[in-house]
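In my numbering, the protein residues as written are 17 to 431.
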């Protein structure tokens, strides 16, 4: 899911709605386009770096809105922390790693940002991380999901409040895998897709399932006829339950694959989370299941209740998954600044370590060891509801962040 590749993900209706609402309220202009020229020495400055230009525009808009709403919620509408006005400096990395690296350097050195948030893509986020370490300033990762961000590429100035592909893959495998189950995997051929598939395969195998095929395709693939037939051939004669797990960011091929009638071979489809408009492709697919870190009707707590109500009031639509990720990042930032009483980078990092709070996506606890938030996930079945543009997830099983972390740790030790 989730803003990780270069494929052109079409969601015009939702984007038009958000853009229109933003223009009519002055929401984004007033709150997010404040540059250093209009800020003052006592401001607390946040550089929000997103991939606004290009295929991830929708995710970037979600992050912009989510951060703003999160700051409002956490400061009770004052947009001040410890008496200091919060200024958000918005920058567009255009999905270019070199540009992202230059922008975070500019943010910290020229704009004097106290903290950076971003980015939408794992590639651009990974490019920014060495700068945060070099300049010793915190980078809070909200949307990007590659395991390596808080894995082998991590440094102590990186804090991720968003989920990881490993957490998502573990939740998916826990929901789907069992003895007498055969599974094929279809993913995109880049870091997000391959990392996710690796964790999913290991977890599914440990649960007793057989992963009988793995297919990795370029992110711009549009013809899935050949790969679907290869997967069908690998699964169709297997005993027991047969599943094809499709892990695809952007315009999911799952509707095209379903049109090829995998059900004639007894093959069921499973998937990962998607933005609301992406879930339109899930409508009408029988027995479609998957794991998601957020859906606005699945999570019940005061934080999400407020987010849903405010988003509907301002934009005439519910919040999306990227909105929730950025909202939670804002809560963590305000918590850290409030706890430290200032913006000293080392004190902020220490405040993030072990922080536990309720976010819009559920309970979040930031590990001291690698600054990765433990994320709740929700196993769901996708249902078609009259009058709703997308398939509606219905909760099957919830997985706590602690539970998923325990399973990931156990799997790593057994290798």
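Each residue gets a CB set at the ideal place from its N, CA and C atoms; glycine is no exception.
- Residue 245 counts as exposed, since fewer than 16 other beta carbons sit within 10 angstroms of its beta carbon.
- Between the C-alpha atoms of residue 284 and residue 125 there is a straight-line separation of about 52 Å.
- Across the structure, residue 140 and residue 112 are spaced so that their CA atoms are roughly 6 Å apart.
- Taking 8 Å as the cut-off, the Cβ atoms of residue 90 and residue 355 do not count as close.
- Taking 8 Å as the cut-off, the Cβ atoms of residue 164 and residue 185 do not count as close.
- The DSSP-derived three-state label of residue 393 is strand.
- Per DSSP, reduced to three states, the secondary structure at residue 357 is coil, with no helix or strand assignment.
- When C-beta atoms of the region 246-255 are compared with those of the region 176-183, fewer than three pairs fall below 8 Å, so the two segments do not count as touching.
- The residue among 331, 219, 292, 156 with its C-alpha nearest the C-alpha of residue 348 is 156.
- Spanning the alpha carbons of residue 231 and residue 287 requires a straight line of approximately 14 Å.
- Distance check between residue 377 and each of 414, 258, 426, 63 places 414 closest, using alpha-carbon atoms only.
- Rounded to the nearest whole angstrom, the CA to CA distance from residue 430 to residue 423 is 11 Å.
- Residue nearest to residue 82 within the set 146, 328, 402 is 328 (criterion: CA-CA distance).
- By the neighbour-count definition (other C-beta atoms within 10 Å, threshold 16), residue 147 is a buried residue.
- In this structure the region 299-308 touches the region 392-401; the number of beta carbon pairs closer than 8 Å is three or more.
- By alpha-carbon distance to residue 134, the top candidate from 107, 122, 127 is 107.
- In this structure the region 198-210 lies against the region 227-243, because at least three pairs of beta carbons, one per stretch, are closer than 8 Å.
- Collapsing the DSSP output to three states places residue 72 in coil.
- Residue pairing by DSSP places residue 381 opposite 372, 390 in a beta bridge.
- Close CB contacts of residue 382 within its chain, under the 6 Å cut and outside five residues either way in sequence, are with 368, 371, 389 (chain order).
- Per DSSP, the beta bridge partners of residue 257 are 197.
- Runs of the beta strand (DSSP E) spanning 3 or more residues and lying entirely within the region 200-264 occur at 226-233, 257-263, in chain order.
- If one requires a minimum length of 3 residues, the beta strand (DSSP E) runs lying completely within the region 161-200 are 174-176, in chain order.
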